Structure formats: structure tokens, C-alpha cells
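Each residue of the sequence shown is one higher than the one before, starting from 18 at the first, in the numbering used here.
From the three backbone atoms N, C-alpha and C, an ideal C-beta is built for every residue, glycine too.
All values reported here derive from a predicted model rather than from experimental measurement.
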Amino acid sequence: MATLEGVIERGGGRYYALCPVHADRSPSLTVRTAEDGRVLVHCFAGCSVESILHALGLGWEALFPDERTRDARIAIARRLGQPAEPDPLEVERWVLRIAAADLRAGKPLSAEDRARIKVARLRLAAARGETVA
Ligand SMILES: [Zn+2]
18 MATLEGVIER GGGRYYALCP VHADRSPSLT VRTAEDGRVL VHCFAGCSVE SILHALGLGW
78 EALFPDERTR DARIAIARRL GQPAEPDPLE VERWVLRIAA ADLRAGKPLS AEDRARIKVA
138 RLRLAAARGE TVA
């Protein structure tokens, strides 16, 4: 969040800031943490979350609590002598989580998104030894 300007704390863990995507003069970006730990980012001018993250040099993982604690989990795994390599299927689970978050936010999925979701479902099913028609 170091690159956000004009940050104003509004209480309840809610912050306003100048949007890094559009030419913003009065803070139209809100950042708050949801009860489940997800970070919710919204620009009242309508900039996409993806473009805001990109402008801040962040990835989607910055918004999700599981990913924020990933480094700590890897460090603990290393200390315990367990393999610290991330599960390749985790990427597929993230595809589904992000799609679900988009749908909840009322954001339509593109044909490309839907194709990627299908691939994620197939890979996860294959890992469980299932076949998908
Ligand atoms: Zn904006």
C-alpha cells in the first residue's frame, strides 16, 4: 500500500485513497478488509480491481488471506523439514476462487475466463482420479 496517495482512515478498517489508475483528485478508492480476511478494493469511478492491483504492482494474491500467510506457512514447513513447494493444484483452486469472487461481485466472466475455469475443473477432477465428460 506504500504507493497509494492521499490515504484517509475512516475507521472500521476502511481507508480512502487516491485511485492510482485514473486522474483522481478526491479519494475515490476504498480499501477495507472483509470479515473473512479478504481485502476489498473498490474505485467509485469504476476502475477495475485488476487495473488497480496492476498499478500498485500487486497480484490477486494480495487480496486473499490464504496467500498472505503463504510465506509464513512455507517458512514453517521448511523448519519442520517438510517439502515447501507449493501444491501445483493450488493455482487451479485459485482460478475457481477468483471466478467465484467475480461472480459474487456481479462481474461477468469472459469466454476466456470460462475456458480457464473448465481447465481448472478438469485438472482438479483428474487429480482426484475422476473423469469429467
Ligand atoms: Zn479509479
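In this structure, Ile25 has its beta carbon at no less than 8 Å from each heavy atom of ligand 1. Within the same chain, and ignoring the five residues on either side of Leu106 in sequence, the residues whose Cβ sits closer than 8 Å to its Cβ are Arg140, Leu141, Ala144. Under the DSSP assignment, Arg140 falls in the alpha helix (DSSP H) whose first and last residues are 128 to 144.
In the DSSP annotation of this structure, the continuous segment of the beta strand (DSSP E) that includes His59 starts and ends at 56 to 60.
Annotated three-state conformation of Leu46 is strand, per DSSP. Around ligand 1, the residues whose beta-carbon falls short of 5 Å from at least one of its heavy atoms are Cys36, Val38, His39, Cys60, Ala62, Cys64, given in chain order.
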